[in-house]
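First up is the structure itself, then whatever we jot down about it.
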Amino acid sequence: MAMTMTQKILARHAGLDSVTPGQLISAKLDIVLGNDITTPVAINEFNKAGFSEVFDKDKIAIVLDHFVPNKDIKAAEQSKKCREFSCSHCISHFYDVGKMGIEHALLPEQGVVTAGDCIIGADSHTCTYGALGAFSTGVGSTDMAAGMATGMAWFKVPSAIKINLTGKLSKNCSGKDVILTLIGKIGVDGALYRSMEFTGEGVKTLSMDDRLCICNMTVEAGAKNGIFPVDDITREYLKNRCERTPVEYTADADAVYDEVIEINLSEIVPTVSCPHLPENTHPAAELSHIKIDQVVIGSCTNGRMEDMEAAYNVLKGKKVANGVRCIIIPATMEIYRECIVRGYTTAFVDAGAVVSTPTCGPCLGGYMGILAAGEKCIATTNRNFVGRMGHTESEVYLASPQTAATSAITGYITAPEEGK
Amino acid sequence: MQTKGKVFKYPDNVDTDVIIPARYLNTSDAAELSKHCMEDIDAEFVNKVSSGDVIVAGWNFGCGSSREHAPLVIKTCGTGCVIAKSFARIFYRNAINIGLPILECEQAAEEICAGDEVRVDFDTGVITNITTNKTYQAQPFPEFIQNIIKSGGLLASLK
Numbered sequence: 083m084a085m086t087m088t089q090k091i092l093a094r095h096a097g098l099d100s101v102t103p104g105q106l107i108s109a110k111l112d113i114v115l116g117n118d119i120t121t122p123v124a125i126n127e128f129n130k131a132g133f134s135e136v137f138d139k140d141k142i143a144i145v146l147d148h149f150v151p152n153k154d155i156k157a158a159e160q161s162k163k164c165r166e167f168s169c170s171h172c173i174s175h176f177y178d179v180g181k182m183g184i185e186h187a188l189l190p191e192q193g194v195v196t197a198g199d200c201i202i203g204a205d206s207h208t209c210t211y212g213a214l215g216a217f218s219t220g221v222g223s224t225d226m227a228a229g230m231a232t233g234m235a236w237f238k239v240p241s242a243i244k245i246n247l248t249g250k251l252s253k254n255c256s257g258k259d260v261i262l263t264l265i266g267k268i269g270v271d272g273a274l275y276r277s278m279e280f281t282g283e284g285v286k287t288l289s290m291d292d293r294l295c296i297c298n299m300t301v302e303a304g305a306k307n308g309i310f311p312v313d314d315i316t317r318e319y320l321k322n323r324c325e326r327t328p329v330e331y332t333a334d335a336d337a338v339y340d341e342v343i344e345i346n347l348s349e350i351v352p353t354v355s356c357p358h359l360p361e362n363t364h365p366a367a368e369l370s371h372i373k374i375d376q377v378v379i380g381s382c383t384n385g386r387m388e389d390m391e392a393a394y395n396v397l398k399g400k401k402v403a404n405g406v407r408c409i410i411i412p413a414t415m416e417i418y419r420e421c422i423v424r425g426y427t428t429a430f431v432d433a434g435a436v437v438s439t440p441t442c443g444p445c446l447g448g449y450m451g452i453l454a455a456g457e458k459c460i461a462t463t464n465r466n467f468v469g470r471m472g473h474t475e476s477e478v479y480l481a482s483p484q485t486a487a488t489s490a491i492t493g494y495i496t497a498p499e500e501g502k
Numbered sequence: 003m004q005t006k007g008k009v010f011k012y013p014d015n016v017d018t019d020v021i022i023p024a025r026y027l028n029t030s031d032a033a034e035l036s037k038h039c040m041e042d043i044d045a046e047f048v049n050k051v052s053s054g055d056v057i058v059a060g061w062n063f064g065c066g067s068s069r070e071h072a073p074l075v076i077k078t079c080g081t082g083c084v085i086a087k088s089f090a091r092i093f094y095r096n097a098i099n100i101g102l103p104i105l106e107c108e109q110a111a112e113e114i115c116a117g118d119e120v121r122v123d124f125d126t127g128v129i130t131n132i133t134t135n136k137t138y139q140a141q142p143f144p145e146f147i148q149n150i151i152k153s154g155g156l157l158a159s160l161k
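So the sequences go chain by chain: W and P.
Residue numbers for the first sequence follow this note's numbering, beginning at 83 and rising by one.
Residue numbers for the second sequence follow this note's numbering, beginning at 3 and rising by one.
Okay, here's the thing in structure tokens:
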């Protein structure tokens, strides 16, 4: 039977010739991931169940990124627990302060994940790696514990939605505007339990950073995973990064999809998700009356080099509006360093912004930019639920780095000009 | 296995950030975390909930973050079961893996009201609204998942 790209990867990892939607399978895992919030729970479960060995020390990644450098004593205890576990099991891909980054920017950058992989991560945005042509999905801590012990996970084979991309983005838009537009169209459960498979002529016009951003937020439409075909852009990105050989899968021409969504990239405009659901999207140009108190540029969605570059191009030589706090967080140490080398950090500070070392901090209301009651923030993060960045009466507006940086200068939600 | 208790009713798209806000996730201690269960959607929940009570919600319950702390605090508070029109997939997985009973039943989730007394039989999937004397049939789990639940969670099923 014809299969989608996701179904082919799952079939191969389950040791089967083919799979069908709804089938329950047990699949071999190439990488099992956890962070400083989810790993301590997984370690508890791992120990409680009486496991003493991990299945493969080279196939587990533990990244301290949510609350580091530690925000308080309790967070420090959580990190310590991850550190001790990683040390005692000789985990190869353990990333601590100084070496860490936000997991979903870090793992592709460091070549820990590659095309054709089957990956689970105890973090919902694990779906990011679909951009590389991998099957990758978020799970909980117990699944992580089971994955660390056995190297296997159970899955229900998903059906898929095909997203056919045509055209080319205008210069004031990026992958973020694509995924926000798509979520606005299908809703926060529009792809529930299913794959979102991106295809079409438009794919080749999207950079790897755009693709990572798009796949990152497929979970915000309820999807099990998002995935892009492997092309020259993917091959170029993967070159010299991963020690393992990438495996390329392609969807069968006659694969069956639940539905096909057409997206003409040329028609995408700068888009903002208003509180309190990512599906509540509007063109940024229609929101110019909304005054903001804070801007956050960073996160696993938009803390990559192209995002920093977009922010730099807007902010260089300008000033952040009076009364606005602008927080910029490069997602990995490599990106952090590159921002210094390229002079972005100086330009950000000159503009009146602050620049932090990598952390998920403000995105989930942890620290480094918590909102008070009534405050509004435009952020390049991924969720705008009630209380997500602080007080339950605060508001988060999701946008691209270009839109967020432009808004930082005006103090109001502002669409970036075309041609910028 | 069954539970009997009063109903707490919530809308569509209840996310894991309101079930257990991230500001409390600097610990993995279930008892401590559970003091904040549902805090950002219903600050009174933890004071009112009794053992066996039932959460009834709309579509896409448990969307957002993969934090297993969400089903864990609901279970630790004594909640006997969550009934929803649908569940976000990671929450669904996590609930099964940690042994929090959940049932998908659109009609029950639509008609059952806050404060109603209900009885839920997990083996048969029958939901009885004792207050209105009406019964509903939820979708039973596939056998594979029933085996995980019967074993007492995913890790126990692996041993």
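The C-beta atom is built at its ideal place from N, Cα and C for all residues, glycine as well.
Inter-residue Cα distance where the pair is residue i and residue j
i: residue 363 of chain W; j: residue 464 of chain W; result: 13 Å
i: residue 355 of chain W; j: residue 214 of chain W; result: 26 Å
i: residue 150 of chain P; j: residue 158 of chain P; result: 8 Å
i: residue 373 of chain W; j: residue 451 of chain W; result: 17 Å
i: residue 473 of chain W; j: residue 76 of chain P; result: 22 Å
i: residue 336 of chain W; j: residue 307 of chain W; result: 20 Å
i: residue 502 of chain W; j: residue 196 of chain W; result: Residue confidence is low: residue 502 of chain W scores 48 on pLDDT, short of 50, so the model does not pin down where it sits. Its coordinate-derived value is still stated next. If I take the Cα positions, the gap works out to 33 Å.
i: residue 187 of chain W; j: residue 413 of chain W; result: 6 Å
i: residue 96 of chain W; j: residue 136 of chain W; result: 20 Å
i: residue 568 of chain W; j: residue 398 of chain W; result: Nothing can be reported for residue 568 of chain W: it is not among the residues displayed for chain W, which extend from 83 to 502.
i: residue 130 of chain W; j: residue 122 of chain W; result: 12 Å
i: residue 111 of chain P; j: residue 134 of chain W; result: 43 Å
i: residue 141 of chain P; j: residue 108 of chain P; result: 10 Å
i: residue 59 of chain P; j: residue 88 of chain P; result: 9 Å
i: residue 302 of chain W; j: residue 18 of chain P; result: 13 Å
i: residue 230 of chain W; j: residue 395 of chain W; result: 43 Å
i: residue 247 of chain W; j: residue 344 of chain W; result: 6 Å
i: residue 74 of chain P; j: residue 212 of chain W; result: 29 Å
Range of the contiguous beta strand (DSSP E) that encloses residue i
i: residue 237 of chain W; result: 234–238
i: residue 458 of chain W; result: 458–461
i: residue 431 of chain W; result: No beta strand (DSSP E) contains residue 431 of chain W, which is instead part of the alpha helix (DSSP H) from 426–433.
i: residue 309 of chain W; result: 307–309
i: residue 364 of chain W; result: 363–365
i: residue 479 of chain W; result: 477–480
i: residue 200 of chain W; result: 200–203
i: residue 392 of chain W; result: Counting along the chain, residue 392 of chain W falls outside any beta strand (DSSP E), though it belongs to the alpha helix (DSSP H) covering 387–397.
i: residue 38 of chain P; result: Per DSSP, residue 38 of chain P belongs to no beta strand (DSSP E) and is neither H nor E.
Beta-carbon proximity check, residue i vs residue j, cutoff 9 Å
i: residue 139 of chain W; j: residue 172 of chain W; result: yes
i: residue 305 of chain W; j: residue 347 of chain W; result: no
i: residue 48 of chain P; j: residue 7 of chain P; result: no
i: residue 3 of chain P; j: residue 103 of chain P; result: yes
i: residue 191 of chain W; j: residue 391 of chain W; result: no
i: residue 353 of chain W; j: residue 259 of chain W; result: yes
i: residue 272 of chain W; j: residue 361 of chain W; result: yes
i: residue 108 of chain W; j: residue 85 of chain W; result: no
i: residue 367 of chain W; j: residue 490 of chain W; result: no
i: residue 127 of chain P; j: residue 93 of chain P; result: no
i: residue 330 of chain W; j: residue 244 of chain W; result: no
i: residue 90 of chain P; j: residue 66 of chain P; result: yes
i: residue 406 of chain W; j: residue 376 of chain W; result: yes
Simplified DSSP assignment, three categories, for residue i
i: residue 129 of chain W; result: helix
i: residue 4 of chain P; result: strand
i: residue 502 of chain W; result: With a pLDDT of only 48 at residue 502 of chain W, under the threshold of 50, the placement of this residue in the model should not be trusted, and no figure is reported.
i: residue 251 of chain W; result: coil
i: residue 302 of chain W; result: helix
i: residue 29 of chain P; result: coil
i: residue 496 of chain W; result: coil
i: residue 474 of chain W; result: coil
i: residue 106 of chain P; result: strand
i: residue 407 of chain W; result: strand
Residue range of the unbroken alpha helix (DSSP H) whose run includes residue i
i: residue 87 of chain W; result: 87–95
i: residue 156 of chain P; result: 156–160
i: residue 464 of chain W; result: Residue 464 of chain W -> no alpha helix (DSSP H), and no H or E assigned at all.
heavy atom of the ligand ATP below 8 Å from residue i C-beta
i: residue 247 of chain W; result: This structure lacks the ligand ATP, and indeed carries no ligand of any kind.
- Quick check: the region 375–389 of chain W against the region 275–286 of chain W, are there 3 or more CB pairs under 8 Å? no
- Task: Please determine if the region 13–31 of chain P and the region 481–498 of chain W are in contact, where contact requires at least 3 C-beta pairs separated by less than 8 Å.
- Result: no
- Please determine if the region 96–116 of chain P and the region 5–22 of chain P are in contact, where contact requires at least 3 C-beta pairs separated by less than 8 Å. yes
- Task: May I ask you to verify whether the region 104–119 of chain W touches the region 252–264 of chain W, counting CB pairs closer than 8 Å and requiring at least 3?
- Result: no
- Are the region 434–448 of chain W and the region 145–155 of chain W touching, with three or more C-beta to C-beta distances below 8 Å? yes
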